[in-house]
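Chains as they are written, first to last, in this note's numbering: chain A, 1 to 355; chain B, 356 to 710. Just so you know, even glycine gets a beta-carbon here, dropped at the ideal spot from N, CA and C. The model shown is predicted, which means the values in this text are computed figures rather than measured ones. Structure first, commentary second.
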């Protein structure tokens with residue numbers, strides 16, 4: 001068990017990855033809170049909520065359980081959490097615990113960021129994918145016109161990551177999480193990238209999993225320390241997300257998991273990087289590994305015009321120009337603004353290559 | 356025209372109080388924004404929106420006009436502003452201008468704080484009351500169970516206060532605004548308090564009004580610099596607000612204006628201060644001035660039990676104990692936690708005194 005320390009502009013906090021640490025939560029609280037609200041979803045609550053409750057016998061503790069899935073990141077569920085917090089009489093000395101995947105983390109984090117103009121919260125991720133979203137303080141809900149459009153930068157007080165809670169993940173969830181680990185490796189750590197390419201993600205030891213999570217989180221944490229508000233290098237974390245977000249949204253959430261869509265987006269970034277910089281990229285190598293690990297790469301319904309429009313309305317775009325993170329080489333990401341015509345050309349040749 | 360400079364933890368900005376400065380907005384923008392959204396209400400838009408539009412001929416400029424009144428500080432209107440911002444393709448380099456009173460400032464400020472996790476905004480207050488809310492970065496909307504329960508601390512990039520826009524205020528609005536000036540004087544500036552007690556608020560020269568606003572804002576700005584997140588002395592600004600908020604909510608918003616409710620709350624604070632510290636307070640003097648300036652002080656329907664419950668659920672309360680700001684003497688505020696029984700006793704004797 002190792003701690004990673006994050007010092008951001010607005011807050012500093014520890015990220016702890018370990019086994020069974022969900023039973024020692026008191027160790028990770030920075031102060032004596034007046035009351036605690038645990039926010040979770042139906043699936044995670046059934047498995048781990050009782051474990052968390054056992055930590056706190058001496059103070060008022062409440063729970064809000066939301067439906068599982070992306071659709072809970074909406075205005076109605078957000079408002080319901082606010083109602084719960086008021087009805088449970090949470091005050092400015094209360095704590096919210098986000099127990100679950102990225103949806104719960106983003107939703108509960110945004111509720112904490114806005115309840116009475118902001119109270120403390122901690123992240124307890126229960127998916128591999130959430131190693132990414134639980135670090136860095138990005139919290140949000142979706143607007144019906146786009147993902148994560150309503151939110152804040154609001155760092156947690158701690159991230160407590162019990163890898164035992166990852167044992168209940170199914171194959172799709174493992175796949176989804178590893179796509180973000182591959183992304184982090186691609187932008188910052190060539191060694192880690194090669195390690196991952198030798199990994200069978202469905203046969204992981206606890207120590208392998210911990211090691212991968214820690215390496216991914218370190219990359220993320222370092223970037224967030226330098227650029228919390230995403231005015232510079234934090235944009236590199238969007239590698240694979242320009243097309244990834246557009247695909248996820250265009251196909252309808254749930255058709256592809258976030259990570260599955262990002263995996264395709266990563267290949268697209270490598271494809272575009274090859275064209276723009278006229279250098280070879282490990283496109284085929286990564287595509288093969290993704291295929292071996294059963295990522296859905298073929299039979300995708302690419303609607304070129306719609307995808308381009310969605311990429312233009314991404315919140316990372318400025319003046320409706322598409323910005324993409326590309327790789328000059330492994331671990332050397334750059335942000336490039338692309339013309340619509342070029343994007344269309346690259347997308348068409350990418351689709352041909354993916355068949 | 357004088358500038359007041361605020362250096363908070365997260366941002367620094369200028370507050371400019373002057374005449375006709377709504378026509379020179381370019382001078383107050385910190386950078387070249389990609390587009391601008393002006394948020395206003397129906398009343399203010401009819402009077403001043405065109406003046407603001409004249410400032411910007413060279414870039415995309417949009418408007419969102421919401422219904423006038425407190426009821427616009429709700430989730431639906433907030434969501435509509437987000438929809439507008441998306442449809443107008445605002446990006447992270449865009450600016451929101453909040454043109455109006457406290458409702459517009461709080462609502463548009465919260466929209467800016469959360470749109471794509473936060474874009475720049477400036478405050479253009481058009482009421483006297485908003486001298487208070489436009490400075491300090493508190494932005495929020497109401498929950499149906501309580502005022503300002505959903506929000507952020509998110510400072511503006513500038514406050515541009517054109518006193519000419521105050522000429523259209525009616526008597527109630529002038530009264531409402533001066534209650535907060537009296538509050539600021541009571542907590543921090545005995546001279547200013549005596550000046551105000553010699554003022555007929557319905558016959559003000561432009562220079563008197565500017566002077567009063569600047570003195571009030573200076574007090575507010577100083578407090579916000581020291582304690583942006585309200586963990587200490589910022590609480591002093593709640594003088595008069597414990598009962599004020601409860602009354603406003605219990606009678607139904609609109610029955611009393613915010614300032615009228617705060618005026619009664621100020622008298623209550625002086626009343627309780629007399630009991631708790633056994634010192635004389637300028638209760639009668641202030642009550643007389645308020646009466647002379649036609650503040651509604653009698654014929655108020657005090658529902659003691661309901662008021663106490665509302666005071667307990669105020670977001671400044673901790674563990675459901677009522678905290679009140681009291682005065683040991685003029686310009687010497689302290690925060691005291693009061694027992695429910697004592698509050699009830701003080702409230703009953705206050706009601707008798709107010710008949």
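Closer than 8 Å to the CB of residue 118 of chain A there is at least one CB belonging to chain B. Under the three-pair Cβ rule at 8 Å, the segment 594–601 of chain B counts as touching the segment 654–666 of chain B. Looking at B:585, B:605, B:475, the one whose alpha-carbon comes closest to that of residue 386 of chain B is B:475. In the same chain as residue 633 of chain B, and ignoring 5 residues on each side of it, no C-beta atom comes closer than 8 Å to its own. In the structure shown, the three-state DSSP call for residue 65 of chain A is strand. At a beta-carbon threshold of 9 Å, the residues of chain A lying near residue 438 of chain B are 143, 144, 145, ordered along the chain. Between the segment 571–581 of chain B and the segment 474–491 of chain B, the count of Cβ pairs shorter than 8 Å is three or higher; the stretches touch.
Taking the CA atoms as reference points, residue 524 of chain B sits about 7 Å from residue 482 of chain B. Look at the segment 472–556 of chain B and you find these whole runs of beta strand (DSSP E), each 3 residues long or longer: 475–480, 493–498, 501–508, 513–517. When C-beta distances to chain B are compared with 7 Å, the residues of the segment 127–142 of chain A below that value are 138, 140, in chain order. When B:580, B:405, B:558, B:616 are compared, the shortest CA-CA separation from residue 656 of chain B is found for B:616.
Per DSSP, residue 604 of chain B is one residue of the alpha helix (DSSP H) stretching across 596–606. Within chain B, the C-beta atoms nearer than 8 Å to that of residue 113 of chain A come from 507, in chain order.
Pairing residue 681 of chain B with residue 123 of chain A, the inter-Cα distance amounts to about 39 Å. Listed by position along chain B, the residues whose Cβ is nearer than 8 Å to that of residue 324 of chain A form an empty set, because the closest Cβ is around 16 Å away. In the three-state scheme derived from DSSP, where H, G and I count as helix and E and B as strand, residue 665 of chain B is classed as helix. In this model, residue 147 of chain A and residue 336 of chain A are separated by some 22 Å (Cα to Cα). Residue environment for residue 350 of chain A: buried (at least 16 other C-beta atoms within 10 angstroms of its C-beta). DSSP places residue 435 of chain B in the helix class (H, G or I) of the three-state scheme. In this structure, residue 459 of chain B sits near residue 395 of chain B, with a CB-CB distance shorter than 8 Å. When secondary structure is reduced to three states using DSSP, residue 582 of chain B falls in the coil class, being assigned neither helix nor strand.
In the structure shown, residue 257 of chain A adopts coil according to DSSP, grouped into three states. DSSP places residue 343 of chain A within a helical segment (H, G or I) once states are collapsed to three. For residue 654 of chain B, DSSP records no beta bridge to any residue. In summary, the residues of the segment 66–82 of chain A whose CB is separated from some CB of chain B by less than 8 Å are 75, 79, 82, in the order they occur in the chain. Scanning A:185, A:179, A:115 for the CA closest to the CA of residue 498 of chain B turns up A:115. Across the structure, residue 646 of chain B and residue 532 of chain B are spaced so that their CA atoms are roughly 15 Å apart. Annotation for residue 337 of chain A: the continuous beta strand (DSSP E) segment containing it runs 332–338. Against residue 504 of chain B, the close residues of chain A are 82, 86, 115, 116, in the order they occur along the chain (beta-carbon pairs closer than 8 Å). Secondary structure at residue 461 of chain B: helix, using DSSP grouped into helix, strand and coil. Contact annotation: residue 197 of chain A and residue 280 of chain A have beta-carbon atoms that are not nearer than 8 Å.
For residue 642 of chain B, no beta strand (DSSP E) run applies; the uninterrupted alpha helix (DSSP H) run containing it begins and ends at 638–647, by DSSP.
Residue pairing for residue 575 of chain B: DSSP places it in no beta bridge.
Leaving aside the five residues that flank residue 209 of chain A on each side, the residues in its chain whose CB is nearer than 6 Å to its CB run, in chain order, 163.
Nearest in C-alpha terms to residue 92 of chain A, of all of B:505, B:638, B:463, is B:505.
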